[in-house]
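**Student:** Heads up, the sequence shown is in the working numbering, so the first residue is 61 and it goes up one at a time.
Virtual Cβ for every residue (Gly too), placed ideally from N, Cα, C.
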Amino acid sequence: MDSDHCPFCHGLLTQDVNTLTKKGLEGIKRASEKRGVDIEVKEGQNIHGKCRGEFTSPHAIHRDLRLKRKREHDDDNKCTSLALYCRAVRLFDILFVLFQACEFTYR
Ligand SMILES: [Zn+2]
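Rendered as structure tokens:
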């Protein structure tokens, strides 16, 4: 990643530019652990102040993790309804085969 871009939003660093200090870096590392993401930042790197604030804010972390869990939950639900649908189709197939077999028998 070149130094003209913010590592958080990947946008150009034209305004609201902050240079990461050692302390700032530690805050980002802690936040990325909580978020379960890997973000490549190093001391002296330029970032957007707003992006860093958003990334490290406990409130934003909490909200983003909740959104992530919700998305995963929604995906689970999608899989479940798909599985039910497949089972229903399968059941219909079996009934159809049975029906055909009966028809054949009583013809
Ligand atoms: Zn940014």
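#1: With distances taken from each beta carbon to the nearest heavy atom of ligand 1, which residues come in below 6 Å, in chain order?
#2: Since residue 116 is in the alpha helix (DSSP H), which residue starts that stretch and which ends it?
#3: Using DSSP bridges, identify the partner residues of residue 72.
#4: By Cβ distance below 8 Å, which residues in the same chain neighbour residue 88 in space, the five residues on each side in sequence not counted?
#5: Counting only the same chain and skipping the five closest in sequence on each side, list residues whose C-beta sits under 7 Å from that of residue 61.
**Tutor:** Based on what the coordinates show:
#1: Counting only heavy atoms of ligand 1, the residues whose C-beta sits closer than 6 Å to one of them are, along the chain, 66, 68, 69, 71, 108, 111.
#2: In the sequence shown, residue 116 corresponds to position 56, counting from 1. For residue 116, the enclosing alpha helix (DSSP H) starts and ends at 109 to 116.
#3: Taking the first residue of the sequence shown as position 1, residue 72 is located at position 12. Note: residue 72 sits in a beta bridge opposite 65.
#4: The sequence position of residue 88 within the sequence shown is 28, counting from 1. Only 80, 99, 101, 112, 115, 116 meet the Cβ criterion.
#5: Within the sequence shown, residue 61 is the residue found at index 1, counting from 1. With a pLDDT of 46 at residue 61, under the threshold of 50, the modelled position of that residue is not reliable, and no figure is offered here.
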